[in-house]
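K.L.:
Below is one structure. I have some questions about it.
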Amino acid sequence: MTPDERAGTERDAAHSGRAARMDLNEVRRRLALGRVLPLGGPRDGAWITEQAAGPVLRDAAAQVRGVRLGRLRLSPARPDQPYDPAVPPPPSALPPGPLRVDAEFRAVAGPLAPAAEPLPAAASRLRTALAQAAAERLGLTVTEVDLRVTGLLDTVPEGDPDGTEPSGSRYAYQSAESIPHSVESGPESTGNGPDSAEKGPAPADETEPQGNAPRVPGDDEEARVAAAVLGVPGVTRLTGVLGMPARAIRIGTGAGTGTGPALPHRHVRVELAVTSARRTLEVARAVRTAAGEALPDRPSVAVLVTAVDPAAG
1 MTPDERAGTE RDAAHSGRAA RMDLNEVRRR LALGRVLPLG GPRDGAWITE QAAGPVLRDA
61 AAQVRGVRLG RLRLSPARPD QPYDPAVPPP PSALPPGPLR VDAEFRAVAG PLAPAAEPLP
121 AAASRLRTAL AQAAAERLGL TVTEVDLRVT GLLDTVPEGD PDGTEPSGSR YAYQSAESIP
181 HSVESGPEST GNGPDSAEKG PAPADETEPQ GNAPRVPGDD EEARVAAAVL GVPGVTRLTG
241 VLGMPARAIR IGTGAGTGTG PALPHRHVRV ELAVTSARRT LEVARAVRTA AGEALPDRPS
301 VAVLVTAVDP AAG
């Protein structure tokens, strides 16, 4: 082998190694995100990662006295009866349809504990809290909540010393009516509008390290879409976690982006984070409208929520 051939072989090996590391990083990123869940109904064109939805549900469970949540998973309630999405979904996204929450929990059962109560009553309160948070805070269509008791607690869990409801929440939610200039719930959008451990997996950083950050759109169509999206009340930041390189705004034809239809017109996918102070689905609907109206050809829009940031204050 000549020196030039040897150098070429070494370059090819180095390139293959870099590609393999990139592929491994993408696999790890996808696993950390969990399932990509449908948000709202078939015509809403919105999805949320399990990693983003989980902390909101856990926060709701933390408000239930005498109960501590363990494993939490979300999955299709009727996987054999999915609905067709109005727009191409993000990669690996579940099709629209009702969801099921599976959760494990421990409950206080000691006779001297002030929060002790029959297990069915504790499970009922936890089930209600999870279902309400999924619907009212996020906009998930949850039709089943399956709970399993994994242990009993002799005393009230730390942080709930007297059995009373904790005051305040990292994910404090306010209804649309109580927030000035909020995004009001409108009619259903059209396609052209807009195993975790007990505490769940460690959240993946929503942005790449400096120097390899998700692409920030320049003075082009992506920039117009980005500006429109960031102007929607409730949007806290653009993220960009899918694909290599990661990009928060992707503009294409819709073909090859998932199991949905390939479109004769252009399609935009937006990845972002929202505040917990507003219902996630309403923010996503407003983003679809804003992104679609930012371009003259009014492309279809899909929204992927990758994080729900705690409300300020």
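Sequence positions in the sequence shown follow full-length UniProt numbering and run 1 to 313.
Glycine included, every Cβ here is placed at the ideal spot set by N, Cα and C.
This structure is a prediction, so every number in the text was calculated from the model and none was measured.
1. How is Val145 classed by DSSP in three states: helix, strand or coil?
2. Distance check for Gly252 and Pro201, CA to CA, integer angstroms please.
3. Compare the C-alpha of Glu50 against each of Ala60, Arg43 and Pro38 and name the closest.
4. Mapping DSSP to helix, strand and coil, what is Ala122?
5. Just the Cα atoms here: how many angstroms apart are Val67 and Val235?
6. Does the beta-carbon of Pro299 have 16 or more other beta-carbons within 10 angstroms, so that it is buried, or is it exposed?
7. Consult DSSP for Leu242 and reduce its assignment to one of helix, strand or coil.
8. Quick check on the DSSP output: the beta strand (DSSP E) that includes Ala107 runs from which residue to which?
9. Using only CA atoms, which one of Ala312, Ala311 and Val305 lies nearest to Gly139?
10. Can you name, in chain order, every residue of its own chain whose Cβ lies under 6 Å from the Cβ of Gly40, other than the five neighbours on each side?
11. Taking three-plus beta-carbon pairs below 8 Å as touching, is the segment 52-64 in contact with the segment 127-144?
12. In the DSSP assignment, the alpha helix (DSSP H) including Pro96 goes from what residue to what residue?
13. Excluding the 5 residues preceding and the 5 following Val149 in the sequence, name in chain order all residues of the same chain whose CB lies nearer than 8 Å to its CB.
P.N.:
With the structure as the only source:
1. Along the sequence shown, read from residue 1 onward, the residue named residue 145 stands at position 145. Val145 falls in the strand class under three-state DSSP.
2. The sequence position of residue 201 within the sequence shown is 201, counting from 1. The sequence position of residue 252 within the sequence shown is 252, counting from 1. Summary for Pro201: the model assigns pLDDT 38, below 50, so the residue's position carries little reliability, and this model does not support an answer.
3. Working through the sequence shown from its first residue, we reach residue 50 at position 50. Looking only at Ala60, Arg43 and Pro38, the smallest Cα-Cα distance to Glu50 is reached by Pro38.
4. In the sequence shown, the residue the question calls residue 122 occupies position 122. Looking at Ala122 - three-state DSSP - the assignment turns out to be helix.
5. Taking the sequence shown and counting its residues from 1, the one referred to as residue 67 is at position 67. Taking the sequence shown and counting its residues from 1, the one referred to as residue 235 is at position 235. Answer to the nearest angstrom: the Cα atoms are 32 Å apart.
6. Within the sequence shown, the letter at position 299 stands for residue 299. It counts as buried.
7. Along the sequence shown, one-based indexing puts residue 242 at 242. Assigned with DSSP and collapsed to three states, Leu242 falls in coil, not helix or strand.
8. Residue mapping note: residue 107 aligns to position 107 of the sequence shown, counting from 1. Boundaries of the beta strand (DSSP E) harbouring Ala107: Leu99 to Val108, taken from the DSSP string.
9. Position 139 of the sequence shown holds residue 139. Checking every option, the nearest Cα to that of Gly139 belongs to Val305.
10. Sequence index remark: in the sequence shown, residue 40 carries index 40 (1-based). Excluding residues within five positions, the ones whose Cβ falls inside 6 Å are Ala46, Gly139 and Leu281.
11. Taking 8 Å as the limit for Cβ pairs, the verdict is that the segment 127-144 does touch the segment 52-64.
12. Your numbering for residue 96 matches position 96 in the sequence shown. Per DSSP, Pro96 lies in no alpha helix (DSSP H) segment and is marked neither H nor E.
13. Translated into the one-based positions of the sequence shown, residue 149 becomes position 149. By the criterion of a C-beta distance shorter than 8 Å, Val149 is surrounded in its chain by Glu104, Phe105, Arg106, Ala107, Leu119 and Ala123, once the five residues flanking it on both sides are discounted.
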